Amino acid sequence: MLVLAPDAVVIGGGVARAGAVLLTAITRHLEGLTLTPPVVEFSGLAEDTVLTGALRLALDEVWGRLPV
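The opening position of the sequence shown corresponds to residue 1 in UniProt numbering, with each subsequent residue numbered one higher.
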């Protein structure tokens with residue numbers, strides 16, 4: 001954690017179903033590893049994280065090929 005020093009850790013996908021139990025465990029673990037613990041939260045995309053990323057990648061590829 002000290003190498004990356006993120007301001008936030010965002011949890012997405014199916015693992016987010018664990019809810020508050022997972023959020024609390026990760027938060028407590030990170031408190032012992034960092035001087036300033038990052039915010040730990042669930043992604044607003046829930047289980048659509050991978051699908052949204054794949055769509056974004058496809059759209060970037062298409063838009064990158066269009067003549068300007």
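Using N, Cα and C, we set each Cβ at its ideal position, and we do this for glycine too. If you're wondering where the values come from, they're calculated on a predicted model, not measured in any experiment.
Taking one beta carbon from each stretch, the region 29-47 and the region 10-18 have 3 or more pairs nearer than 8 Å; the two touch. As summarised for the region 12-62, the continuous beta strand (DSSP E) elements at least 3 residues long and confined to that stretch are 39-42, given in chain order. Rounded to the nearest whole angstrom, the CA to CA distance from Leu30 to Leu22 is 12 Å. By the neighbour-count criterion, in which a residue is buried when 16 or more other Cβ atoms sit within 10 angstroms of its Cβ, Val40 is buried.
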